[in-house]
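K.L.:
In our numbering, the protein residues as written are 368 to 1031.
1) Assuming residue 717 contacts residue 752 (C-beta within less than 8 Å), just tell me the rounded distance between them.
2) Report buried or exposed for residue 1025, applying the criterion of at least 16 other Cβ atoms within 10 angstroms of its Cβ.
3) Please state if the CB of residue 777 and the CB of residue 420 are separated by a distance shorter than 8 Å.
4) What does the alpha-carbon distance come out to for the pair residue 921 and residue 846?
5) Does residue 655 come out as helix, strand or coil in the three-state DSSP assignment?
6) Use the C-beta contact count for residue 954: other C-beta atoms within 10 angstroms, 16 or more gives buried, fewer gives exposed.
7) Could you name the residues of the same chain whose beta carbon sits closer than 7 Å to that of residue 355, not counting the 5 residues immediately before and after it, in chain order?
8) To the nearest angstrom, how far is it from the Cα of residue 758 to the Cα of residue 775?
9) Grab the span of the alpha helix (DSSP H) containing residue 982 for me, first residue to last.
10) Do residue 949 and residue 996 have their beta-carbon atoms positioned less than 8 Å apart in this structure?
11) Going by C-alpha distance, which of 610, 631, 620 is nearest residue 650?
12) Please report the residue range of the alpha helix (DSSP H) in which residue 995 lies.
13) Can you find at least 3 beta carbon pairs, one from the stretch 762-775 and one from the stretch 679-687, that sit closer than 8 Å?
14) Exposed or buried, residue 714, counting other C-beta atoms within 10 Å across all chains shown (16 or more means buried)?
15) Within this structure, are the beta carbons of residue 816 and residue 803 separated by less than 8 Å?
16) Roughly how many angstroms lie between the CA atoms of residue 812 and residue 721, to the nearest whole one?
17) Under 8 Å, with one C-beta from each stretch per pair, do the stretch 571-578 and the stretch 532-545 reach the 3-pair mark?
18) Sorted by chain position, which residues of the same chain lie with C-beta nearer than 8 Å to residue 547's C-beta, five sequence neighbours on each side aside?
19) Within 10 angstroms of its Cβ, does residue 396 collect 16 or more other Cβ (buried), or is it exposed?
20) Could you tell me whether the Cβ atoms of residue 727 and residue 756 are closer together than 8 Å?
21) If you draw a straight line from the C-alpha of residue 678 to the C-alpha of residue 626, how long is it?
22) Can you list, in chain order, the residues of its chain with a C-beta nearer than 7 Å to that of residue 798? Leave out the 5 residues immediately preceding and following it.
23) Taking the beta strand (DSSP E) that residue 505 falls in, what are its first and last residues?
24) Can you tell me which of 624, 388, 838, 963 puts its alpha carbon nearest to the alpha carbon of residue 888?
25) Per the contact definition of three or more C-beta pairs closer than 8 Å, is the stretch 653-663 in contact with the stretch 627-638?
26) At which residues does the alpha helix (DSSP H) containing residue 423 begin and terminate?
27) What span of residues does the alpha helix (DSSP H) with residue 748 cover, start to end?
28) The beta strand (DSSP E) with residue 914 in it runs from where to where?
29) For residue 465, is the classification buried or exposed, using 16 other Cβ atoms within 10 angstroms of its Cβ as the cut-off for buried?
30) In or out: residue 1031 buried (at least 16 other Cβ within 10 Å) or exposed?
31) Rounded to the nearest angstrom, what separates residue 620 and residue 483 at their Cα positions?
32) If we call anything under 8 Å between Cβ atoms a contact, is residue 744 one with residue 807?
33) Assuming residue 331 contacts residue 667 under a Cβ cut-off of 8 Å, what Cβ separation, rounded to an integer in Å, is found between them?
34) Just mark residue 712 as buried or exposed, buried being the case when its beta carbon has 16 or more other beta carbons within 10 Å.
35) Looking at C-alpha atoms only, which residue of 923, 823, 561 is the closest neighbour of residue 837?
36) Tell me where the alpha helix (DSSP H) around residue 883 begins and ends.
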């Protein structure tokens, strides 16, 4: 059953009616001397229909004040502020991608600048060739002595009709650089492409996957980007110390993607050649103690892939000699060094990150954060995403930040308008081995997180779920069971997986925690929807998880139906909007699940969600309008999408009554 038959619709078609041509993403940290020139070059672009998302990553030098000036004078500029720095450029770029609306995405480092026609030329080139990616054929390297050098980008173009060999893209010495190109946003979202969270080489995994997945990479003749080379504090500068080791984590991320996508044999020689080049280049700048350690780590990493790279025919005699040298070190004594380095890095992570999206919840957020800070687990981080609040929410949250260093605040200066977007901004920032969500008007028992973490079996279970929660309806408590069950993919088939989706209150994400590496391996984030974004997230995590554990614990307290909440709005003016996202939801699910049975089960979950909304509507005209619009939408979908055996008897009866005009 293909996407056309499913009625799958592009998210742009529904959610992005005012879609800009290009979104420019600028991560910024302590660049007060450069950021003005950078942003002015964007403001002056001849392509006017753009948006600019600047992420201030914990600056303390006045950078943020300059960003506010630009956003106050030009509505195209949007600002995200991490109160505490992430320590790398990958996190802020991923955060900005969560909010980006442009047809294409461009990246600009905050100490660089653009020629005024840069975006117009690249966008026009991409549109003319219908390319997912457009690349400039050269760029300007701005040296510290004030001179400028023009660098030519060779092997940067892939026209699928005339150049069938995609591997040529990876013969370019600049293939890892993200800012050379613009990228179709749908390419990024459909293929779940993201940056690594590393202090150096964070763009290499992004560039690699984008180039592997693009339909074509169109070349645009000219130089448009001014790259300020080797300024103090830049990522290039950080490569001169132990930060150079971080690039190995970047290459590990690429290798994991190669294995996952089945591209390992085809592309690993090119990855190893690039890693060898980076090793030799960085060794020129390292102190002796770092150079020796770097060589040992590189030997440990490269040695694993020696057999796959040595006979590829793409390595010159010089690089083959370097590869053999590292392999000999790997064989002698450095075989396990890289794995030990990775484990050491893992030890520094918190056990759990809790994301609290907050929008105009001044009345409730104090109780929420107090309950999170009182958890029996100390090694946690609490990420509060202040999503454009206009009440006193920001002040309350800031007071908590001053009291407890585990709280980290992210400010989205202009409200995103969708709860999933704020959660995605938080997801890009998390460091914990697990991640959970607490809504800013809810609260949790003091041992809630401890019980869930204890069930994670040494941090290996993909999803850990509580067996129930408490729904607060005013002062009334309702203890609810979710009928969740343990699952292990090694012992359970599709029928066991199907039962996971049939559990009660399945869409609620907040009575579970999720292994962070599991989410990142599969690129799982929330879709761009106002309603049912949590159902989509829950479905995909349960569709892909290898292991799920359920634990009895003191509960999560869910404040039900408060004024202004999504639940209350769903019963009023937003009910019809809920219907319009069905195509977007199916598009999201098909990115992860190609099995028709999974698509049918998800469709059934959405029908249940619509039934719930319909039943909660209080006024007859609203019910009539909702039902009529639902009938209109369902006529565009095949009848066989409904698996009536998925529902219990009561659900079947109610749904047949609601849908009999269309589905019989």
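From the three backbone atoms N, C-alpha and C, an ideal C-beta is built for every residue, glycine too.
P.N.:
On the basis of the supplied data:
1) As a first step, residue 717 is located in the chain shown; it is residue number 350 there, counting from the start. As a first step, residue 752 is located in the chain shown; it is residue number 385 there, counting from the start. With 8 Å as the limit, residue 717 and residue 752 do not qualify as a contact, their Cβ atoms being about 17 Å apart.
2) Taking the first residue of the chain shown as position 1, residue 1025 is located at position 658. Residue 1025 is buried by the Cβ-count criterion.
3) Residue mapping note: residue 420 aligns to position 53 of the chain shown, counting from 1. Residue mapping note: residue 777 aligns to position 410 of the chain shown, counting from 1. No.
4) Here residue 921 refers to the residue found at position 554 of the chain shown. Here residue 846 refers to the residue found at position 479 of the chain shown. Rounded to the nearest angstrom, the two C-alpha atoms are 11 Å apart.
5) As a working mapping, residue 655 is identified with position 288 in the chain shown. In this structure, residue 655 counts as helix in the three-state DSSP scheme.
6) Position 587 of the chain shown holds residue 954. Answer is buried; the Cβ neighbour count reaches 16.
7) Past the boundaries of the shown model lies residue 355; the chain is included only from 368 to 1031, so the question cannot be answered.
8) If you number the chain shown from 1, residue 758 lands on position 391. If you number the chain shown from 1, residue 775 lands on position 408. Each residue's Cα considered, the two are about 19 Å apart.
9) Counting from 1 along the chain shown, the entry for residue 982 is found at position 615. Its alpha helix (DSSP H) spans residues 963-983.
10) Within the chain shown, residue 996 is the residue found at index 629, counting from 1. Within the chain shown, residue 949 is the residue found at index 582, counting from 1. Taking 8 Å as the Cβ cut-off, residue 996 and residue 949 do not qualify as a contacting pair.
11) By 1-based counting over the chain shown, the position of residue 650 is 283. Per the Cα distances, 610.
12) As a position in the chain shown, residue 995 is number 628, starting the count at 1. Looking at the DSSP string, the run of the alpha helix (DSSP H) that includes residue 995 is 987-1001.
13) no
14) One-based indexing of the chain shown puts residue 714 at position 347. Burial call: exposed.
15) Reading the chain shown from its first residue, position 449 is the one you call residue 816. Reading the chain shown from its first residue, position 436 is the one you call residue 803. It is a contact, given that the beta carbons lie within the stated cut-off.
16) Along the chain shown, one-based indexing puts residue 812 at 445. Along the chain shown, one-based indexing puts residue 721 at 354. Roughly 14 Å between the two C-alpha positions.
17) yes
18) Taking the first residue of the chain shown as 1, we reach residue 547 at position 180. Closer than 8 Å at the Cβ level, and outside the excluded window around residue 547, lie 502, 503, 506, 520, 523, 541, 592.
19) Indexing the chain shown from 1 puts residue 396 at position 29. By the 10 Å Cβ count, residue 396 comes out buried.
20) If you number the chain shown from 1, residue 727 lands on position 360. If you number the chain shown from 1, residue 756 lands on position 389. Yes; because the gap between Cβ atoms is below 8 Å, this pair is in contact.
21) The residue labelled residue 678 in the question sits at position 311 within the chain shown. The residue labelled residue 626 in the question sits at position 259 within the chain shown. Each residue's alpha carbon lies about 19 Å from the other.
22) Your numbering for residue 798 matches position 431 in the chain shown. Here the set comprises 716, 717, 720, 748.
23) Counting from 1 along the chain shown, the entry for residue 505 is found at position 138. Unbroken beta strand (DSSP E) run through residue 505: 500-509.
24) Indexing the chain shown from 1 puts residue 888 at position 521. Here the closest residue by C-alpha is 624.
25) no
26) As a position in the chain shown, residue 423 is number 56, starting the count at 1. First-last for residue 423: 417-424, but that is the beta strand (DSSP E), not the alpha helix (DSSP H).
27) Counting from one through the chain shown, the residue named residue 748 turns up at place 381. Not the alpha helix (DSSP H): residue 748 falls in the beta strand (DSSP E), residues 747-754.
28) Here residue 914 corresponds to residue number 547 of the chain shown, with the count starting at 1. Start and end: 914-918.
29) Numbered from its first residue, the chain shown carries residue 465 at position 98. Flag for residue 465 reads buried.
30) One-based indexing of the chain shown puts residue 1031 at position 664. Bear in mind that the predicted position of residue 1031 carries a pLDDT of just 46, short of 50, making it unreliable; the figure below should be weighed with that in mind. With fewer than 16 other Cβ atoms within 10 Å, it is exposed.
31) Your numbering for residue 620 matches position 253 in the chain shown. Your numbering for residue 483 matches position 116 in the chain shown. Cα to Cα, the separation comes out at about 35 Å.
32) Translated into the one-based positions of the chain shown, residue 744 becomes position 377. Translated into the one-based positions of the chain shown, residue 807 becomes position 440. The answer is no: Cβ separation not under 8 Å.
33) The structure shown has nothing for residue 331, since the chain only spans 368 to 1031.
34) Walking along the chain shown from the start, residue 712 turns up at place 345. With fewer than 16 other Cβ atoms within 10 Å, it is exposed.
35) On the chain shown, position 470 is the one that residue 837 refers to. Residue 837 has its Cα closest to that of 923, out of 923, 823, 561.
36) Translated into positions along the chain shown, residue 883 becomes position 516. Residues 883-889.
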